[in-house]
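Which chain is which? The protein sequence lines are A and B, in order.
Just so we're aligned: 122 in my numbering is position 122 of the first sequence, and the numbers increase by one with no gaps anywhere.
In my numbering, each number is its position in the second sequence, counted from 1, plus 129.
Remarks on the structure that follows.
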Amino acid sequence: MSAVPKPREQLRMMIVDDSNVMRRRIERSQQNERLEVVGTAVNGLDAVTKFKQLLPDVMTLDLTMPEMDGIECVEHVLKIKADVLILVVSALADKATAVEAIEKGANGFLCKPFTDDQLNEALAELIGE
Amino acid sequence: MLDAEEVRTFVQGTVHFFETATGHAATVGSPYLCIDKSAVVQDYAGVIGISGNREGKVYFTAPRGMLSVMLMCMNETDTGEQNVRDLVGEVANTISGNARRDFGRNFIISTPTICDRTNAATAAATTGRSFVIPINWRSYAANVVVCLQ
């Protein structure tokens with residue numbers, strides 16, 4: 001008798017960006033069946049507050065935001081849930097910024113602007129597909 | 130003051146933005162030095178303050194019709210005032226942020242300030258000389274304006 005494949009785990013995703021257009025774009029464009037968008041936030045401070053309630057598994061995170069930037073936000077959310085998978089989605093295209101984000105604990109970096117395919121490839125890679 | 134190579138950074142960033150984000154290529158006219166700054170402010174402007182190893186401003190200014198069509202090309206159904214303002218800031222933010230690939234991480238960009246016809250000329254005015262990069266996208270004309278010390 002062959003083993004029944006284990007259903008793949010559903011993952012709860014949060015989108016953090018100060019641009020409403022960008023939040024809606026990411027939500028609309030992401031096609032991964034394993035990902036369910038459970039919340040959005042407009043800056044790092046808002047993200048930390050909502051993160052405590054939602055405890056998402058995956059997070060897309062802008063860096064340049066008012067109130068609290070993305071790098072600081074990474075440090076806060078990792079203290080709340082150390083295994084959250086974080087994809088930084090930022091226009092800051094210098095290598096040093098990407099390296100800093102990864103060193104702080106982010107798991108991936110996608111540079112704006114991006115196509116739908118690039119977003120979905122980055123999310124798939126983030127969750128190990 | 131910008132040199133030709135630095136202007137090229139913003140030209141390439143602008144071309145890349147339109148092609149990638151909207152799926153429609155933009156053509157860029159010859160950049161020129163601006164004397165009459167009010168002449169390059171359109172319906173909306175997204176203004177980014179620059180600090181760190183350079184000081185100044187970068188702004189993207191466009192007519193409302195163009196911003197609405199850009200939203201539609203990005204499959205955004207809500208082309209209302211809030212999203213139009215949001216988009217003009219996001220374009221300015223993206224072009225400025227991408228410039229760090231060449232200018233380095235000490236080219237520090239602010240979050241965008243959004244202006245409309247009531248205050249755009251004041252908010253976008255710069256103290257130094259500005260380079261204007263004319264953009265033609267579909268049937269619309271817009272500008273990226275770069276003023277860096």
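All C-beta atoms, glycine included, are put in the ideal place defined by N, C-alpha and C.
Give me the subset of the stretch 18-44 of chain A whose CB atoms are less than 7 Å from a CB atom of chain B, sorted by chain position.
Asp18, Ser19, Asn20, Val21, Met22, Arg24, Arg25 and Arg28
Short CB-CB distance (under 8 Å) between Thr242(B) and chain A:
no
How big is the Cα-Cα spacing for Ala122(A) and Ile71(A)?
19 Å
Alpha carbon to alpha carbon, how far is Lys104(A) from Glu9(A)? Give it in angstroms, no decimals.
26 Å
Where DSSP assigns a beta bridge to Ile238(B), which residues make up the other side?
Ile179(B)
Cut-off 8 Å between Cβ atoms - residues of its own chain near Ser239(B), not counting five sequence neighbours on either side
Ile177, Gly178, Ile179 and Ser180
Does the stretch 10-22 of chain A come into contact with the stretch 55-67 of chain A, if we say contact requires no fewer than three beta-carbon pairs (one atom in each stretch) closer than 8 Å?
yes
Are Val261(B) and Val169(B) touching if we call contact CB-CB under 8 Å?
yes
Please confirm whether any heavy atom of the ligand COA lies closer than 7 Å to the CB of Arg246(B).
The ligand COA is not part of this structure, which contains no ligands at all.
Taking the alpha-carbon positions, what's the Phe232(B) to Glu27(A) distance?
31 Å
Measure the C-alpha to C-alpha separation of Leu54(A) and Thr40(A) and round it to an integer number of angstroms.
10 Å
Can you check whether the C-beta of Asn182(B) is within less than 8 Å of a C-beta belonging to chain A?
no
Rounded straight-line distance, which links the Cα of Ile102(A) to that of Gly194(B):
39 Å
The stretch 90-102 of chain A: positions lying closer than 9 Å to chain E by Cβ:
Judged by its chain identifiers, the structure shown contains no chain E, and its protein chains are A and B.
Taking the alpha-carbon positions, what's the Val84(A) to Phe114(A) distance?
23 Å
Going straight from the alpha carbon of Asn235(B) to that of Asn182(B), what length do you get?
5 Å
Check each residue of the stretch 112-129 of chain A: if its Cβ is closer than 7 Å to any Cβ of chain B, include it; give the result in chain order.
Lys112, Pro113, Phe114 and Thr115
Is the beta carbon of Gly108(A) less than 8 Å from the beta carbon of Leu87(A)?
yes
Can you list the beta strand (DSSP E) stretches of 3 or more residues lying completely in the stretch 57-82 of chain A, in chain order?
58-61
From what residue to what residue does the alpha helix (DSSP H) around Met201(B) run?
Arg193 to Cys202
Below 8 Å, how does it come out for the stretch 33-51 of chain A and the stretch 131-142 of chain B: are there three or more Cβ pairs, yes or no?
no
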